[in-house]
Amino acid sequence: MKRAVFPGSFDPITLGHVDIIKRALSLFDEVIIAIGVNADKKYMWSLEERKVFIEKTFAAEPQIQVKTYTGLTVDFCKTEKADYILRGLRNTTDFTYEQSIAQTNAAIAEIESIFMVATPAISNISSSIVRDVRRNGGDISGLVPLAVLKPL
Ligand code: ADP
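The numbers in the working numbering rise by one with no breaks, and the one at position 127 of the sequence shown is 131.
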């Protein structure tokens with residue numbers, strides 16, 4: 005059973021995340037979308053809202069589970085019996101950041117990181133850009149899945 009954890013803040017989930025997750029379904033039997041909870045971080049959407057957005061987006065997808073976690077991602081992977089961490093790469097900044105984390109995770113926990121390169125047409129989308137557009141009253145409908153546009 006090939007099980008991957010796709011960790012992130014998902015504040016909110018974007019079409020960039022959706023693309024990576026859908027493409028990963030042909031590589032893994034199961035993908036756990038894992039919302040990391042950091043008590044020191046301020047979020048635009050609550051944990052419950054972020055979780056529901058993802059659950060609604062993938063409601064018809066039996067290979068996908070949505071969970072939340074605190075602490076180290078590798079510890080969460082062990083608990084979930086997942087051998088792989090899935091991450092998306094948009095640019096060299098992402099790569100440089102992810103490289104050291106992946107090397108550390110491999111060293112401390114023998115977890116393999118699998119990277120998928122962003123689809124060019126949506127590699128510009130990030131949760132922080134979505135938050136910025138929304139905060140300033142702009143239209144985010146081309147950046148996020150439908151579930152994010154509807155209040156709970
Ligand atoms: P984090 O706060 O851990 O960076 P995010 O929710 O911002 O979490 O992102 C989770 C993962 O999704 C990261 O690996 C990130 O690189 C990837 N990702 C975000 N946006 C895109 C995109 N447009 N295309 C591909 N991957 C993306």
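Where a beta carbon is used, it is the ideal one built from N, C-alpha and C, also for glycine.
heavy atom of the ligand ADP below 8 angstroms from residue i C-beta
i, result
"G92", "yes"
"D23", "yes"
"G141", "no"
"G146", "no"
"N109", "no"
"I126", "yes"
"M48", "no"
"P11", "yes"
Straight-line gap, residue i to residue j (C-alpha atoms, nearest Å)
i, j, result
"K46", "V35", "26 angstroms"
"Y101", "T77", "15 angstroms"
"R94", "Q69", "24 angstroms"
"K154", "L51", "16 angstroms"
"S131", "G12", "10 angstroms"
Distance CB(residue i)-CB(residue j) smaller than 9 angstroms
i, j, result
"M21", "F10", "The sequence shown places His at residue 21, rather than the Met named in the question. It is a contact, given that the beta carbons lie within the stated cut-off."
"F80", "F14", "no"
"V41", "T18", "no"
"F62", "R91", "no"
Backbone secondary structure at residue i - three-state DSSP
i, result
"L76", "coil"
"L156", "coil"
"A110", "helix"
"S117", "strand"
"R91", "strand"
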